[in-house]
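Just so you know, full-length UniProt numbering puts the end of the sequence shown at 205, numbered straight through with nothing missing.
For every residue, glycine included, the Cβ atom is placed at its ideal position computed from N, Cα and C.
See structure below.
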Amino acid sequence: AILGVSLAVAKAGAAGKGVPLYQHLADLAGNSKLVLPVPSFNVINGGSHAGNKLAFQEFMIMPIGCATFKEAMQVGAEVYHNLKKVIKEKYGQDATNVGDEGGFAPNIQSNKEGVELLMEARKRSGHEDKVVFAMDVAASEFYKDGKYDLDFKNKDGDGSQVLTGEQLMNMYRELASEYPIMSIEDPFDQDDWPAYTAMTAAMGT
Numbered sequence: 001a002i003l004g005v006s007l008a009v010a011k012a013g014a015a016g017k018g019v020p021l022y023q024h025l026a027d028l029a030g031n032s033k034l035v036l037p038v039p040s041f042n043v044i045n046g047g048s049h050a051g052n053k054l055a056f057q058e059f060m061i062m063p064i065g066c067a068t069f070k071e072a073m074q075v076g077a078e079v080y081h082n083l084k085k086v087i088k089e090k091y092g093q094d095a096t097n098v099g100d101e102g103g104f105a106p107n108i109q110s111n112k113e114g115v116e117l118l119m120e121a122r123k124r125s126g127h128e129d130k131v132v133f134a135m136d137v138a139a140s141e142f143y144k145d146g147k148y149d150l151d152f153k154n155k156d157g158d159g160s161q162v163l164t165g166e167q168l169m170n171m172y173r174e175l176a177s178e179y180p181i182m183s184i185e186d187p188f189d190q191d192d193w194p195a196y197t198a199m200t201a202a203m204g205t
C-alpha cells in the first residue's frame with residue numbers, strides 16, 4: 001500500500017508543478033543531472049541458466065552511445081540478430097536455442113569465447129561505437145570451500161579451473177582490458193568481502 005500511495009502522491013506533485021514525473025522525482029532528490037536509461041540485453045546464457053559449459057550466467061550488450069531509448073532498442077535488436085547469425089554459422093542451427101533467461105546458449109567452451117561472439121556481432125551490426133558489454137557472473141553458483149570452480153558443470157572436472165578470488169579477479173581485469181566491458185555483476189560470492197575489496201581497489205566501482 002505504501003508504494004501505491006507514494007506513487008500517487010508523486011504523480012500529483014508532478015501534475016501540480018506541470019512537469020514530467022521523472023523531473024519531479026529528480027527535483028525531490030536534488031539531482032540536476034538527468035541521464036537516459038540504458039537497456040541491457042541478455043544475449044548469451046551460461047551458468048545455471050543453460051546446459052552449456054559456460055560458468056558465467058549472463059553476457060549482455062548495452063547500447064550506451066544512442067541519443068534516444070528508441071534508438072538503443074533498435075541497436076540492441078540489430079546486434080542480437082547478428083549474434084544469432086554468428087552463432088549459427090560457427091556452431092550450427094541447434095546452437096541458437098535459448099536459455100532460461102532468453103539469451104542464446106551455444107555450447108562454447110570458455111567465457112572469453114562468449115565475449116568474442118559479442119565482438120563479432122557488434123562488428124557486423126555496424127555499431128562498434130555505440131555498444132559495450134556487461135556480465136552477470138553469479139559467482140555464488142560456483143563458489144565452494146573458498147574457491148571458484150569455472151568447470152562446475154562438468155562432473156568429471158580435473159580441478160584445473162578452480163580459482164582463488166584473486167585469480168578470478170585477474171581474469172576480470174584481463175577481460176576488461178581486452179574488451180569493452182562496462183559492468184560486472186556479482187563477480188564473487190556474496191560473502192567474499194576480501195575479493196570485493198581487492199577488486200574495487202584494483203578496478204574501481
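Can you have a look at residue i and say buried or exposed, based on whether 16 or more other CB atoms are within 10 angstroms of its CB?
{"i": "residue 31", "result": "exposed"}
{"i": "residue 105", "result": "buried"}
{"i": "residue 41", "result": "buried"}
{"i": "residue 142", "result": "buried"}
{"i": "residue 49", "result": "buried"}
{"i": "residue 69", "result": "exposed"}
{"i": "residue 58", "result": "buried"}
{"i": "residue 154", "result": "exposed"}
{"i": "residue 2", "result": "exposed"}
{"i": "residue 81", "result": "exposed"}
{"i": "residue 9", "result": "exposed"}
{"i": "residue 191", "result": "exposed"}
{"i": "residue 145", "result": "exposed"}
{"i": "residue 47", "result": "buried"}
{"i": "residue 7", "result": "exposed"}
{"i": "residue 189", "result": "buried"}
{"i": "residue 157", "result": "exposed"}
{"i": "residue 165", "result": "buried"}
{"i": "residue 28", "result": "exposed"}
For residue i, does the three-state DSSP call read helix, strand or coil?
{"i": "residue 160", "result": "coil"}
{"i": "residue 206", "result": "Lying before the first or after the last residue shown, residue 206 is absent from the chain, which here runs from 1 to 205."}
{"i": "residue 130", "result": "coil"}
{"i": "residue 147", "result": "strand"}
{"i": "residue 98", "result": "strand"}
{"i": "residue 142", "result": "helix"}
{"i": "residue 110", "result": "coil"}
Confirm, please, whether the CB-CB distance from residue j to residue i is below 8 Å.
{"i": "residue 186", "j": "residue 140", "result": "yes"}
{"i": "residue 134", "j": "residue 73", "result": "no"}
{"i": "residue 113", "j": "residue 122", "result": "no"}
{"i": "residue 62", "j": "residue 131", "result": "yes"}
{"i": "residue 147", "j": "residue 137", "result": "no"}
{"i": "residue 119", "j": "residue 196", "result": "no"}
{"i": "residue 117", "j": "residue 86", "result": "yes"}
{"i": "residue 103", "j": "residue 38", "result": "no"}
{"i": "residue 45", "j": "residue 108", "result": "no"}
{"i": "residue 175", "j": "residue 115", "result": "yes"}
{"i": "residue 26", "j": "residue 34", "result": "yes"}
{"i": "residue 79", "j": "residue 66", "result": "no"}
Using a Cβ cut-off of 8 Å (strictly closer), state whether residue i contacts chain D.
{"i": "residue 74", "result": "Included in the structure is just one protein chain, with no chain D present."}
### Query
Is the segment 12-20 in contact with the segment 92-102, if contact means three or more CB pairs nearer than 8 Å?
no
### Message
I'd like the ranges of any alpha helix (DSSP H) spanning at least 4 consecutive residues and lying wholly in the segment 16-90.
### Response
21-29
### the segment 167-174 touching the segment 80-92, judged by at least three CB pairs closer than 8 Å
no
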